[in-house]
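See structure below.
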Amino acid sequence: MKAVIFQQPGGPEVIRIADMPEPKPAANEVLIKVYAAGINRPDILQREGKYNPPAGVTLIPGLEVSGSVIETGNNITHFKPGDTVCALVQGGGYAEYVIANALTTVHLPEGLTLREGAAMMETFMTVWGHLFQMAGFSPGKSILIHGGASGIGTTATMLTRAWGASAVYTTVSCSENQQKSRNTGADAAINYRTYDYVSEILAHTDGKGVDYILDIVGGDYVTRNYKAAAMYGSIVQIGMLQGNPHDMNLFLMLAKRLKHMGATLRSQSPEEKMKIIDGLQKHVFPWIATGKVKPVVCATYPLSEAADAHVFLDSGNHFGKVVLLMD
Ligand SMILES: NC(=O)c1ccc[n+]([C@@H]2O[C@H](COP(=O)([O-])OP(=O)(O)OC[C@H]3O[C@@H](n4cnc5c(N)ncnc54)[C@H](OP(=O)(O)O)[C@@H]3O)[C@@H](O)[C@H]2O)c1
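The sequence shown begins at 158 in the numbering used here and counts up one residue at a time.
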């Protein structure tokens, strides 16, 4: 089968299309003929050598796919060959065939195309599992979502809006994305390049701050988030694009009685991931069926042009998700 490999850590130029053996499903797995694969920032970090796959996992990148089941393991009863599915995978999505644990595979939700379905699992599960299930985001709360233009940010904007947030604020880097973020559900999208988001949040909230912050940036955002948070606020750290903070003001956390928590999806067991999927099926899939919520896909590339897709993501000009279509 055709698959993407990274020849060595580096930029998009290390991407090659290789012939790889077709994988075989174990007892609790399904073999999927991939229609499309979502691209996520963790794939870029893997390409750069900053986020290696867990031991025993294929080096082929790609954490989510849509496609059709062509073979099932011996223990599988709820999928059969021909079923159209979406799956979260440990790796291997950028390929014509991929193995998925049946616990992290779902039938394609009503209301989604296969192209959209490929862009759902990683970000919807990360946001639902960490912001809603772990941190308990509830209706009537306000939130600041960093990276409003990202796959994670667009998903969090839609889901918090649909769940009844009192106010949704995002950070983005240009006026075009400010408008797009508002169209996705944000009350205000703050250009973090030209404005201090802390002052903007305090101005929008009469000096009170926001109840929740979803942060993918880290670095100096950690202390700034403490300043932008309301008393008893919760900060959910799911990424650290700026790395660890060099300096942080923990006193603010104490004085405001803040909760600062973090998690990664990939390190969780299939059973833990299944609980997140249960929540999505109960609460989010009905919104997808009515069109209230759906993955934002801004571009597609054929597998053979995976390097161009990574160049596009590296440029930071995307809004939402980029998807690879199998040739
Ligand atoms: N914990 C988990 O399980 C988990 C799972 C998936 C992803 N993640 C993390 O979540 C993050 C987003 O992933 P993704 O796939 O959605 O990424 P993505 O689509 O590639 O987006 C990254 C975004 O970061 C924004 N950004 C960069 N610097 C920023 C800053 N200083 N302030 C505000 N926004 C900034 C960029 O926006 P502009 O272009 O507007 O600057 C860009 O939209 C990554 O850090 C990833 O590692 C974590």
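All residues carry an ideal CB built from backbone N, CA and C; glycine is no exception.
query: Taking 6 angstroms as the cut-off, does the CB of LEU371 come closer than this to any heavy atom belonging to ligand 1?
result: As a position in the sequence shown, residue 371 is number 214, starting the count at 1. No, since every heavy atom of ligand 1 falls outside the 6 angstroms radius drawn around the Cβ of LEU371.
query: Could you check where the alpha helix (DSSP H) with LEU188 kicks off and where it finishes?
result: For the purposes of this step, residue 188 is taken as the residue at position 31 of the sequence shown. That residue, LEU188, is in no alpha helix (DSSP H); its beta strand (DSSP E) goes 186 to 196.
message: Quick check: the Cα distance between ILE302 and VAL453, rounded to an integer number of angstroms?
response: By 1-based counting over the sequence shown, the position of residue 302 is 145. By 1-based counting over the sequence shown, the position of residue 453 is 296. Cα to Cα, the separation comes out at about 16 angstroms.
task: Please name the residue, chosen from LYS451, THR447, LEU482, THR351, that lies closest to GLU462 on a Cα-to-Cα basis.
output: The sequence position of residue 462 within the sequence shown is 305, counting from 1. Ranking the options by Cα distance to GLU462, first place goes to LEU482.
- prompt: Beta-carbon separation of HIS287 and ALA446 under 7 angstroms?
  reply: The sequence position of residue 287 within the sequence shown is 130, counting from 1. The sequence position of residue 446 within the sequence shown is 289, counting from 1. Taking 7 angstroms as the cut-off, the beta carbon of HIS287 is found no closer than this to the beta carbon of ALA446.
Boundaries of the alpha helix (DSSP H) in which ASN340 is found, first to last residue: Here residue 340 refers to the residue found at position 183 of the sequence shown. That run of the alpha helix (DSSP H) goes 332 to 341.
Proximity winner among ALA346, THR283, ASN231, relative to HIS361 (alpha-carbon distances): Against the sequence shown, residue 361 aligns to sequence position 204. Out of ALA346, THR283, ASN231, ALA346 has the C-alpha closest to the C-alpha of HIS361.
Cross-strand partners of ALA463 (DSSP beta bridge): Along the sequence shown, one-based indexing puts residue 463 at 306. According to DSSP, ALA463 bridges with nothing at all.
query: Run through DSSP, which three-state label would MET177 get?
result: Position 20 of the sequence shown, counted from the start, is the residue given in the question as residue 177. MET177: coil per DSSP, three-state reduction.
- prompt: Roughly how many angstroms separate the alpha carbons of LYS181 and ALA275, rounded to a whole number?
  reply: Walking along the sequence shown from the start, residue 181 turns up at place 24. Walking along the sequence shown from the start, residue 275 turns up at place 118. Going by the C-alpha atoms only, they are around 21 angstroms apart.
field: C-beta atoms of ALA387 and LYS416 nearer than 7 angstroms
entry: Locating residue 387 in the sequence shown gives position 230, counting from the first residue. Locating residue 416 in the sequence shown gives position 259, counting from the first residue. Against a cut-off of 7 angstroms, the Cβ pair of LYS416 and ALA387 comes out as no contact.
- prompt: Is HIS303 near ligand 1, with its Cβ less than 6 angstroms from a heavy atom?
  reply: For the purposes of this step, residue 303 is taken as residue 146 along the sequence shown, with counting starting at 1. Because some heavy atom of ligand 1 lies under 6 angstroms away, the Cβ of HIS303 counts as near it: yes.
task: Say yes only if the C-beta of PRO266 is nearer than 6 angstroms to one or more non-hydrogen atoms of ligand 1, and no if none qualify.
output: Mapped onto the sequence shown, residue 266 falls at position 109. Answer for PRO266: no, Cβ out of range of ligand 1.
Residue span of the beta strand (DSSP E) that contains PHE387, given as start and end: Within the sequence shown, residue 387 is the residue found at index 230, counting from 1. Note that residue 387 corresponds to Ala in the displayed sequence, not to Phe. First-last of the beta strand (DSSP E) with ALA387: 386 to 394.
- prompt: Is it buried or exposed for SER391, if we count other Cβ within 10 angstroms and need 16 for buried?
  reply: Residue 391 sits at position 234 when you count from the first residue of the sequence shown. When all chains shown are included, SER391 counts as buried.
- request: Drop a sphere of 10 angstroms on the beta-carbon of ALA343, count the other beta-carbons inside from all chains shown, and report buried for 16 or more, exposed for fewer.
  value: Reading the sequence shown from its first residue, position 186 is the one you call residue 343. ALA343 should be labelled buried.
query: To which residues of the same chain is LYS159 closer than 6 angstroms at the C-beta, ignoring the five residues directly before and after it?
result: Indexing the sequence shown from 1 puts residue 159 at position 2. These residues qualify, in order along the chain: ILE174, GLU253.
- prompt: To which residues of the same chain is GLY297 closer than 7 angstroms at the C-beta, ignoring the five residues directly before and after it?
  reply: Mapped onto the sequence shown, residue 297 falls at position 140. Beyond the five residues adjoining it in sequence on each side, GLY297 comes within less than 7 angstroms, by CB distance, of GLY321, SER323 in the same chain, given in chain order.
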